[in-house]
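Enquirer:
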Amino acid sequence: MTTSAPARWTAALPVRLDRRYLPVLGTFVVLALMLVVGGTRYDNFLTPAVVSNLFINNAHLVVLAVGMTFVILTGGIDLSVGAVLALSTVVTAALLQAGWPVPVVLPLAVGVGTVIGLAHGLMIHYFQVQPFVATLAGMFFARGLCFLIAPESIAIGDPAFVGLASWVQIAGQWRMTSSVLIALIVLGLAFLVLHLTRFGRTVYAIGGGEQSALLMGLPVARTKVLAYVVSGTCAGLGGLLFAMYSRSGYSLTGVAMELDAIAAVVIGGTLLTGGTGFVLGSVLGVLVLGLIQTIITFEGTLSSWWTRIVIGVLLLVFVLLQRALSLRRT
1 MTTSAPARWT
11 AALPVRLDRR
21 YLPVLGTFVV
31 LALMLVVGGT
41 RYDNFLTPAV
51 VSNLFINNAH
61 LVVLAVGMTF
71 VILTGGIDLS
81 VGAVLALSTV
91 VTAALLQAGW
101 PVPVVLPLAV
111 GVGTVIGLAH
121 GLMIHYFQVQ
131 PFVATLAGMF
141 FARGLCFLIA
151 PESIAIGDPA
161 FVGLASWVQI
171 AGQWRMTSSV
181 LIALIVLGLA
191 FLVLHLTRFG
201 RTVYAIGGGE
211 QSALLMGLPV
221 ARTKVLAYVV
231 SGTCAGLGGL
241 LFAMYSRSGY
251 SLTGVAMELD
261 AIAAVVIGGT
271 LLTGGTGFVL
281 GSVLGVLVLG
291 LIQTIITFEG
301 TLSSWWTRIV
311 IGVLLLVFVL
321 LQRALSLRRT
């Protein structure tokens, strides 16, 4: 019996969708299992206060992971985001200490990351510098500027900034900060850009094959540069959110935080080779990382280094899963 073409397409569609969403589904299952295990093992684990703190403590990492998703989707990498985050906190604290008004300081702190991201994009596309090398140079540059501006930690005591950073009680034990609200807005905008705009479709196309994207007449140069601008801007904004969280600027803030952002993106289902992934999956990856730390804190008897061990194991598992899916698709 011969099957019609529409019937064959309909039968094949769920298979393609399952393969596409399987890594994200795996991340969601891991997150759900961790919540179940934590809620069963520890008292007061699944409480509004714990869930609220999970978002409050990781708002800056959510923004970093969103920016990193754009870069990795193009097949690139950005090793500078931790150092740029630190530079943003130092710039914020130093300018506020000097008496600059908050409405001027906020865009300057974010703009530092935008400029560095633009430099990365120009070097990578027009000068053919490898993303690893270009962003590594940016990491050293940003970290060096931190120590030139402020060798020691700078406390932030500006009343307007402190008021902006304070949390509010929503209902019962549920809490919300301006950092969480900004992170959620950035997440929503990133989702809309990646899935509903030509720029977002081009990002996916470049990751799928840059030469093919060029042959299709897509604006590859502009899109690649803008992807790194987005990452740099998110790093600058992440630094601003971290300054709100810690009420200080410090040159050693964010050391190895770029690895946390990359791990969150990969655990969230984005392929390191580019072309496949979802920004919502990256946020699930951030929540998984935050929940690992929360469980270890509740356990009390475990060293904090177990956080890195568990993250390493999860990262390896998800990379192997991605590799298996890629081989199956091929």
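So in the UniProt record's numbering, the last spot in the sequence shown is 330, and the numbers never skip.
Beta carbons: idealized from backbone N, C-alpha and C, even for Gly.
(1) Taking all protein chains shown into account, decide if Y126 is buried (16 or more other Cβ within 10 angstroms of its Cβ) or exposed.
(2) Assuming T92 is part of the alpha helix (DSSP H), what are its boundary residues?
(3) With T177 as the anchor, note down where its beta strand (DSSP E) starts and where it stops.
(4) Suppose the cutoff is 7 Å on Cβ atoms and the five residues either side in sequence are ignored; what does the same chain contact list for V220 look like?
(5) My assumption, with CB atoms under 8 Å, is that M257 sits in contact with V63. Please give the rounded CB distance.
(6) Where does L252 fall in DSSP's three states?
(7) Could you check which residue in A83, G38, V24, H60 has the C-alpha nearest to that of I185?
(8) Between which two residues does the alpha helix (DSSP H) containing Q211 stretch?
(9) Could you check which residue in S251, G254, V162, G268 has the C-alpha nearest to that of L22?
(10) Touch check for the region 103-110 and the region 47-58: three-plus C-beta pairs under 8 Å?
(11) Spell out a yes or no on whether the region 218-233 and the region 30-37 are touching, meaning 3 or more CB-CB pairs, one atom from each, closer than 8 Å.
(12) Quick check on the burial criterion: 16 or more other C-beta atoms within 10 angstroms. Buried or exposed for H120?
(13) Under the DSSP definition of a beta bridge, which residues are partnered with V168?
(14) In the DSSP assignment, find the alpha helix (DSSP H) that holds L284 and state where it starts and stops.
(15) Helix, strand or coil: how does DSSP classify I77 here?
(16) Kindly indicate which three-state DSSP category A160 falls into: helix, strand or coil?
(17) Specify, as a first and last residue, the run of the alpha helix (DSSP H) that F147 falls within.
(18) Taking 7 Å as the cut-off, is the C-beta of M216 nearer than that to any heavy atom in the ligand NAD?
Expert: Concretely, from the data shown:
(1) Y126 is exposed by the Cβ-count criterion.
(2) Counting along the chain, the alpha helix (DSSP H) containing T92 begins and ends at 81-97.
(3) DSSP places T177 in the uninterrupted beta strand (DSSP E) bounded by 174-177.
(4) These residues qualify, in order along the chain: I206, E210, A213, L214.
(5) Taking C-beta atoms under 8 Å as the contact rule, M257 and V63 fail to qualify, at a distance of about 11 Å.
(6) If DSSP states are grouped into helix, strand and coil, L252 belongs with coil.
(7) That would be H60, whose Cα lies nearest to the Cα of I185.
(8) Per DSSP, the continuous alpha helix (DSSP H) segment holding Q211 begins and ends at 210-215.
(9) When S251, G254, V162, G268 are compared, the shortest CA-CA separation from L22 is found for G268.
(10) No, the region 103-110 does not touch the region 47-58.
(11) No, the region 218-233 does not touch the region 30-37.
(12) H120 is buried by the Cβ-count criterion.
(13) Under DSSP, V168 forms a beta bridge with M176.
(14) L284: member of the alpha helix (DSSP H) spanning 279-299, first to last residue.
(15) Per DSSP, reduced to three states, the secondary structure at I77 is coil, with no helix or strand assignment.
(16) In the structure shown, A160 sits in a helix (DSSP, three-state: H, G or I).
(17) Segment 131-149, the alpha helix (DSSP H) holding F147.
(18) No copy of the ligand NAD appears in this structure; indeed no ligand is present at all.
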